[in-house]
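A.B. asks: Counting from -6, one number per residue, gives the positions in the sequence shown under our numbering.
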Amino acid sequence: MTRSRSLQPLLAFYALVLGCATTRPFDRSTEPGGRPPPPSTTGSVVITGDALSADPGRTVLDAIRRAMPQLRVSDWSRNHCPLVQLRGKDSLAGSSEPDVYVDGTRTADTCPLVTLQAAETRRIEVYPQGVTSRPGYPSSGHGLILIFVERADTTGGG
-6 MTRSRSLQPL LAFYALVLGC ATTRPFDRST EPGGRPPPPS TTGSVVITGD
44 ALSADPGRTV LDAIRRAMPQ LRVSDWSRNH CPLVQLRGKD SLAGSSEPDV
94 YVDGTRTADT CPLVTLQAAE TRRIEVYPQG VTSRPGYPSS GHGLILIFVE
144 RADTTGGG
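1. Does the distance from the C-beta atom of GLU143 to that of THR114 stay below 8 Å?
2. Would THR103 and VAL93 be called neighbours here (beta carbons separated by less than 8 Å)?
3. Could you give the C-beta distance for LEU45 and PRO75, rounded to a whole number, given that I count them as a contact under 8 Å?
4. Enumerate in chain order the residues of its own chain whose CB-to-CB distance from THR100 is below 6 Å, with the five nearest sequence positions on each side excluded.
5. Determine the contact status of ASP55 and ALA111, defining contact as a CB-CB distance below 8 Å.
6. Please classify TYR7: does DSSP put it in a helix, a strand, or coil?
7. Which residue comes first and which comes last in the alpha helix (DSSP H) that contains SER67?
8. Buried or exposed: where does SER132 fall if 16 or more other Cβ atoms within 10 Å of its Cβ makes it buried?
9. With distances taken Cα to Cα, identify the nearest neighbour of ALA60 among LEU109, GLN1, TYR7, ASP43.
10. Helix, strand or coil for THR98, going by three-state DSSP, please let me know.
11. On the CB-based measure, 16 or more other CB atoms within 10 Å of its CB, does HIS135 come out buried or exposed?
12. Would you kindly check if the distance between the Cβ of ARG127 and the Cβ of ARG41 is under 8 Å?
13. Check whether chain C comes within 8 Å of PRO49, counting only Cβ atoms and requiring the distance to be less than that.
14. Since VAL53 contacts LEU109 with CB under 8 Å, what's their CB separation in whole angstroms?
15. Is TYR7 buried or exposed, if buried means 16 or more other CB atoms sit within 10 Å of its CB?
16. Would you kindly work out how many angstroms separate the C-alpha atoms of HIS73 and ILE140, rounded to a whole number?
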């Protein structure tokens, strides 16, 4: 008898939980701006399509700045590359710049952000937390910027 009494609150709890369940997805139309946020993973930003090809003179850095206004470009280095910060500056001496990859190859600096035109790329992925689920890219404490260049055989032309 005492065993059945101890199960009653548990059964009542399950009934309450099941009564609150819903099959409808969360409605994001009421969020600020009236539209759901772009699909992202851990704060990442993916830039494709019209955002890249809208202005032929726009660089990769321009496209990223447009999608991420919080991006900081504090200065330019001696080799004329932008000093970019996705996260806060290190308290220790050293670089606070994200790791930049072009088609899977890590670059020595951030120069590709200003030397590549956005229209020449097919996809830009920015990971401020420095972690991606894409294989082949190690984590970075200062963020990751992955640039995928448009190939002649993927443009859809004959």
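Cβ atoms here follow ideal geometry from the backbone N, Cα and C, with glycine treated the same way. This structure is a prediction, so every number in the text was calculated from the model and none was measured.
C.D. replies: According to the structure shown:
1. yes
2. yes
3. The pair is not a contact, with the Cβ atoms about 18 Å apart (cut-off 8 Å).
4. VAL93
5. yes
6. helix
7. First-last for SER67: 65 to 69, but that is the beta strand (DSSP E), not the alpha helix (DSSP H).
8. exposed
9. ASP43
10. strand
11. buried
12. With the sequence shown as reference, residue 41 is identified as Thr, and Arg is not the correct amino acid for it. Against a cut-off of 8 Å, the Cβ pair of ARG127 and THR41 comes out as no contact.
13. In the structure shown, chain C does not exist; there is a single protein chain.
14. 5 Å
15. exposed
16. 20 Å
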